[in-house]
Structures are given as C-alpha cells and as structure tokens.
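Take 298 as the starting number for the sequence shown in my numbering and just add one per residue. Worksheet: one structure, shown below.
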Amino acid sequence: MHDKLRALVRLAEIDATARDVEEQLQGIPEELEERQSAVKALEALVHGQRAQLEEAERLLAQQDEELRSRNDLLSKSKAKSAKARNMREAQAAERELEAIRRAIRDAEEEKGLLQGVIEQTRSVLDEPQKELEEQQKGLAEAEAGSEERLAALKAELEEKTKGRAEYVPKVPKPVYRRYERIRPKIHPAVVEALDGVCQGCRMRISPQLYNQIIKGDDFYQCQACQRFLFHKDVVLD
C-alpha cells in the first residue's frame, strides 16, 4: 500500500512542475477564442453601421432622382402656364406649379436630413472600423504565432511529465480518476498531513483520520478541501 501512496505523491510532484505549462497550453486557445469573439462582435457592429450608411445613400440617390424628375416637371408646368389662354387655365397652372414647388421643398428638406445622417454615420463608423482593422491584425498575428507556441509548450510538457508513465499504473484506477477530477480545481491536489493539520487548506484533521494517514493503509482525503493526504514517513523511499 505504501508503494501506491508513494506513486500518487510522486505523480503529484511531476504534475506540479508541469502545471504552469499546462495552464499556458490551456490559455492560448482561450485567448484566441476571446480575440475571435471580440472581432466578431466588432464586425457585427461595423456591418450594421455600414448597412445603415448604404441604406441612407440609396435613399439619397433616390431622392436626387426624384428631385430631377420634379424639376423637369416644374419646367414643363411653367411652359404650360405660359401658354394659358384664360384666367381659369392660368389659375390651374399656378396651383400645379405651387404643388410641384412644395414637393420640391419637401424633397430638398428630406435630402438635407439624409445627408446629415450619412455624414454622422460615416464619422461614427471611422473609429470602430479602425479598431476592427487593428483587432483583425492582432488576431492574425496571434493565430500565426499560436501553432509554434503550442508546439513548443507541448514539447516542454512532454519533457516535464516523462516520469508520469511510471507512476500512473501504480495508482489504483478509482483513486487516479478522483485525483484527475480534483487536480484542475485544487492545487496541489496531494499534500502532507503534518501535526494533524492539512497543509493544503490548514484545517485540522480529526484524530482518527490522522492516525489512519500515519498508518498509510489506504488513500485518505481532507474532509474540508478533498485533497489527498499523506504522512511523510509513509512515502519515504
């Protein structure tokens, strides 16, 4: 039994030396994902603003076309008014001219509003567009360097965990599974029980449990933090 306990302690020591590398390996994809999410959010914002700009520009072009049409109509109506043969025809022509002029004024007012919207949208779009370009560049650089960095970290991790294969088979499978569940959440996952105190969470261990740990007849965990506990005399080579 002592050999099994010793194997778990040695395994935990190996994992402790590799913890920083494991965190870096996990952090690179997480960082890339955060960057990608930020770029996507900014792309959606810029796309929405561009759509607004394009719609306003389309309406402005439509308004320009309408103004040209109404100005043509005004010219024709003026020519028609000049040919009025009596008062009745002259008054009718004048009413028609006034209606066209009013429509032109309304169209010009609408055009002015659209031009204001376009100018404002363009000015608002400048900053997020620049930010998007910077973030896209940063993401591309991060993605380009990530593969090389990941490869280097994996090689480093493999070097640091060489001894793992020796100790894993010596640890009972149920215990190893529990250890693997605990390890990502609590560090270190295996600690010494010293003078009746868990050296992980510093909580006092019950006397009965501490006596069992000293005997080293099984795998025991701290009742407070769930770390595996060992007594140094049990795991000495």
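The beta carbon of each residue, even a glycine, is placed where N, CA and C say it ideally should be.
Taking the alpha helix (DSSP H) that L506 falls in, what are its first and last residues? Counting along the chain, L506 sits inside the alpha helix (DSSP H) bounded by residues P504 to K512.
As assigned by DSSP and simplified to three states, the class of R480: In the structure shown, R480 sits in coil (DSSP, three-state: anything other than H, G, I, E or B).
For E489, which beta-bridge partners are listed by DSSP? DSSP lists F527 as partners of E489.
Selected residue, minimal CA-CA separation from H528, among Q426, A521 and Q509: Closest by C-alpha distance to H528, out of Q426, A521 and Q509, is Q509.
With DSSP as the reference, label V468 as helix, strand or coil. Note: V468 maps to coil in three-state DSSP.
Between which two residues does the alpha helix (DSSP H) holding E500 run? Looking at the sequence provided, one finds Met at residue 500 rather than Glu. Membership of M500 in any alpha helix (DSSP H) is not indicated, and neither H nor E is assigned to it by DSSP.
Helix, strand or coil: which one does DSSP assign to Q323? Residue state, collapsed to three classes: helix.
Would DSSP call Q520 helix, strand or coil? Here Q520 sits in coil by DSSP.
Under the three-state reduction of DSSP, which class applies to N383: helix, strand or coil? Assigned with DSSP and collapsed to three states, N383 falls in coil, not helix or strand.
Do you know offhand how far S334's Cα is from S372's? Distance from the CA of S334 to the CA of S372, rounded to the nearest whole angstrom, comes to 57 Å.
Helix, strand or coil: how does DSSP classify K459 here? Here K459 carries a coil assignment [DSSP, helix/strand/coil].
Mind checking whether R474 and L308 have CB atoms under 8 Å apart? No Cβ-Cβ contact shorter than 8 Å links R474 with L308.
To the nearest angstrom, report how far apart K301 and R480 are at their CA atoms. A direct Cα-Cα distance of roughly 18 Å separates K301 from R480.
Q496 to Q321 span [Cα, whole Å]: Computed Cα separation, rounded: 26 Å.
Tell me whether the beta-carbon of V343 lies closer than 8 Å to the beta-carbon of Q433. In this structure, Q433 does not lie closer than 8 Å to V343 by Cβ.
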